[in-house]
Amino acid sequence: MAKNGVKAKTNDSLQYKIEELQSRLKESEDILDAIRNGRVDSIVVSGAEGEKIFSLTSSETPYRIFLEEMEEGAVTLNSRGIILYCNHRFSTLLSISAGQIVGSNIKRFISQKDKQKFSDAFETGRSGGSSEVISFIGNGNTLPLYLKLSFRALSPETTSDICVIASDVSSMKKSQQQLEELVKERTAELEKDICERKLAEKALSESKELLSSLINSIIDEVWFADTNKKMTLVNPAAWKEFNREVENMDIEKIVGSLEVYRPDGTPRPVKEAPPLRALLGEIVKDQEEIIRTPATSQLRHRLVNAAPVRNSDGAIIGSVSVVRDITERKIAEEVLSQSKLKLEMTLRNSNIGLWEWDWKTDKITFDERSLTILGFEKGANIDSFKDFLTLLHEEDQQHVIKEFHRAVKENSSLGTVFRLKFGNTIISVKGSTIKDNGECGLISGVCYDVSGLKESTNKSFMKLNQELLRSNKDLENFAYVASHDLQEPLRMVTSFTQLLQQQYKDKLDDNANEYINYAIDGSKRMFELLNGLLAYSRINTKGKTFVKVDLNRVIESVRKSLNLIITERNAVIDSKELPTVDADETQMDLLFQNLIANSIKFSPDPPRIFISCKVQEDNYTFCVRDEGIGIESQYFEKIFLIFQRLMPREQYEGTGLGLAICKRIVERHEGKIWLESEVGKGTTFIFTIPKHQFPD
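Take the sequence shown: its position 16, counted from the start at 1, is 459 in this note's numbering, and no numbers get skipped.
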């Protein structure tokens, strides 16, 4: 029994060992199979010296090549966290060689603060898979890596391994940022494209509306046709012309129903119709035609333009035609032609020439008759106003220049007479300005020979000169009489009246003495009037030759002459720097003296007078301003007339000749004088003196 019991126990033990050996054999076969298939990277061998890991480089397969080419790091762990394999990217991320990494526990490379987090993720990975950001410690640097841990087994019966994929978080963030920026940029582009497309659609819609509105509002006929020779669009002007709806009708039928002629009166074939020619690619410009339409029985003149309409590829998709009625213009041209013919005949028969001067370019042109009148043959070279002046007698050149320049300056007509340099020919020239933007652009006129009128003209000139000489002589005689013959008896009456007052003052009653005072006062005023009238008459007859006159010196002279009244009234005369002018110095003195004295007279105490000058292109403009009583506008012209007084003599002394003398002095100097005033606020007398004077 005992032997049998031992034998049975021994059999059980042998059976257990056999099963154990079979299990190990199966495990070895699985490992070998895993090695052959590349599912095992390393082998851990336990010995007297502990566990050693051997890398099975001979088992590399295509999947290993794939791992080495990955952008992410990859490692394989056993159940205890021992690194069985790492790819080149993982080694690069930690800056540690693969030989130092393989065989080490992965926790060796994890920062202390994240070791527990990794342990939790490791356990989760073993049970199915997990992901976490773990801080790794590389070669002196801390690097955050995003780990994805997943479970795998060599076989259902073997111990499981953990596969770890590590991604650089900073690289991921950069890629994510680039992706976000790319998405943002693309989104902006799409939004811009959408916005531009909407704007384009809106602009296209508005353009269509504008085009339709424009086409329907213009008075010209507008036709659109497609390549099938159908009218696709006709504006209201064309409807009126045809007196019916013509859209979608055939062009050839429409044109064939019309009575159309060429400008020479010959019938125009349908094939020459501009819309049909445009469909063939031809551009028709300003083609004239004569037509009778169903809307009217009268022939009308028309101007037609047509062109092909092309798409973006350049292919013809239709044609557009614009038709303008020029019947009224044709009638006007015919009338103008007849008028020109009549004018030409009139000028030819009257021997009148035409000329034109562009003063800006100095270009002057003459027609054939003008050249003949001026003594030149056809084709003579007279291009400028300067060339024209060489034809004139030297004594007449200056007044012709002055007249032409006056017409330009005043933008007005001109008229003058001059002698030619050679011979006895006398030419009369008349012209009118043609405005350009409100200014003189051209002067156009006529010229004609008036030599035949020379004798009668000379007689008229001589008669006028004689009358002028006689008038001047009478004026000089009057001045002599006024200064001598009239003043002498007046002086005698005044003297004897004053003598009578002195000797019989006590013997006469008050009325007689008052009458004597009236007589003496009247005599004095008569003396003042005669002296003023004498001064007025001598402005032109006794004027001195113009010289350079410093007006600052004239003002100082006037101050001395009016010193008594200036001191008495405490008057202030504020004079700005004045120019030197071509003038009669004595008359300039009299002009300023009258104006300043007049301002003092009609100003409250203390009078303030302001004298200034503004330099202009051709003139000096002077202002004498006061703060006096002012003048109503209705008297602005009247005040310059001789013997005109606006205030009673009892209130303000004077003869009424002062401003009339001022006006005559200014006019002798070829200037103008006027005033600006407001009652109670003062008066400003303004006058001009040309910069350059011609001698008297």
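For glycine and all other residues, C-beta sits at the position ideal for the given N, C-alpha and C.
All values derive from a computational prediction rather than experimental measurement.
- Query: When you compare only the Cα positions, how much space is there between K845 and D1048?
  - Reply: 47 Å
- Query: Taking the alpha-carbon positions, what's the G818 to S827 distance?
  - Reply: 17 Å
- Message: Which same chain residues end up closer than 6 Å to A668 when comparing Cβ atoms and leaving out the 5 residues on each side of it in sequence?
- Response: M674, I694, P718, G761, S762
- Query: Mapping DSSP to helix, strand and coil, what is E623?
  - Reply: helix
- Query: Once you ignore the five residues that flank S1046 on each side, which residues in its own chain have a CB closer than 7 Å to its CB?
  - Reply: Hits under 7 Å: D1069, E1070, G1071.
- Message: Give me the DSSP bridge partner(s) of Y1063.
- Response: Listed as beta-bridge partners of Y1063 by DSSP are V1058, I1132.
- Message: Can you tell me whether V1109 is helix, strand or coil according to DSSP?
- Response: helix
- Query: DSSP on T670, reduced to helix/strand/coil?
  - Reply: Here T670 sits in coil by DSSP.
- Quick one, are the C-beta atoms of V576 and V612 less than 9 Å apart? The Cβ atoms of V576 and V612 sit closer than 9 Å to each other.
- Just reading off the beta strand (DSSP E) that I1116 is part of, what are its end residues? 1116-1121
- Query: Roughly how many angstroms separate the alpha carbons of F1035 and Q1077, rounded to a whole number?
  - Reply: 24 Å
- Task: Tell me whether the beta-carbon of N956 lies closer than 9 Å to the beta-carbon of K948.
- Result: yes
- Message: Could you compute how far the alpha carbon of E624 sits from the alpha carbon of E566?
- Response: So the two alpha carbons sit approximately 38 Å from each other.
- Range of the contiguous beta strand (DSSP E) that encloses T808: 806-809
- Message: Using only CA atoms, which one of E1028, S1000, D1027, I1043 lies nearest to R1012?
- Response: Considering only alpha carbons, the answer is I1043.
- Task: Could you spell out where the beta strand (DSSP E) holding P751 opens and where it closes?
- Result: 743-753
- Task: My understanding is that V843 touches F861, with C-beta atoms under 8 Å, so please give their C-beta distance in whole angstroms.
- Result: Yes, V843 and F861 are in contact; Cβ-Cβ is about 5 Å, under 8 Å.
- Report the three-state DSSP secondary structure of A680 (helix, strand or coil). For A680, the three-state secondary structure derived from DSSP is helix.
- Query: With respect to the beta strand (DSSP E) encompassing Q730, which residues constitute its N-terminal and C-terminal limits?
  - Reply: 727-735
- First through last residue of the alpha helix (DSSP H) which encompasses V545: Note, V545: premise wrong, no alpha helix (DSSP H); not H, not E.
- Task: Compute the distance between the beta-carbons of V698 and A716, then report whether it is under 9 Å.
- Result: yes
- Would you say the stretch 835-842 touches the stretch 804-813, given that touching needs at least three Cβ pairs under 8 Å? Counting Cβ pairs under 8 Å, fewer than three are found: no touch.
- Query: Any idea what DSSP makes of I1072, helix, strand or coil?
  - Reply: coil
- Message: Check this for me: beta carbons of V1142 and A750, under 9 Å apart or not?
- Response: Because the chain spans 444 through 1139 in this model, residue 1142 falls outside it and cannot be assessed.
- Can you tell me which of L701, Y1063, S1055 puts its alpha carbon nearest to the alpha carbon of D1025? Y1063
- Assigned exposure category for L475 - 16 Cβ within 10 Å defines buried: Since pLDDT at L475 reaches only 46, below the 50 mark, its modelled position is unreliable, and the value read off the structure follows with that caveat. It is exposed - the Cβ of L475 has fewer than 16 other Cβ atoms within 10 Å.
- Give the C-beta separation of I998 and I1054 to the nearest angstrom, bearing in mind that I take them to be a contact with Cβ-Cβ under 8 Å. Separation of the CB atoms of I998 and I1054 is rounded to 7 Å, and the pair is thereby assigned contact status at 8 Å.
- Rounded straight-line distance, which links the Cα of G1101 to that of G1075: It should be pointed out that residue 1075 corresponds to Glu in this sequence rather than to Gly. Computed Cα separation, rounded: 19 Å.
- Check the C-beta distance from I734 over to E776 and give it rounded, since I have them as a contact under 8 Å. About 18 Å; that fails the 8 Å criterion.
- Tell me whether I662 sits in a helix, a strand or coil according to DSSP, three-state version. coil
- Do you know whose CA, among H848, K1124, V1109, lies nearest F1130's CA? Looking at the Cα atoms, V1109 is the closest of the given residues.
- Item | DSSP state of P1049 mapped onto helix, strand, coil | Residue state, collapsed to three classes: coil.
- Item | For F861, the three-state DSSP class (helix, strand or coil) | strand
- Item | Buried or exposed by the 16-neighbour rule on C-beta atoms within 10 Å, applied to E512 | exposed
- State the DSSP-derived secondary structure class of L885, mapped to helix, strand or coil. strand
- Message: My output table needs one value for V1024: the three-state DSSP class, helix, strand or coil.
- Response: strand
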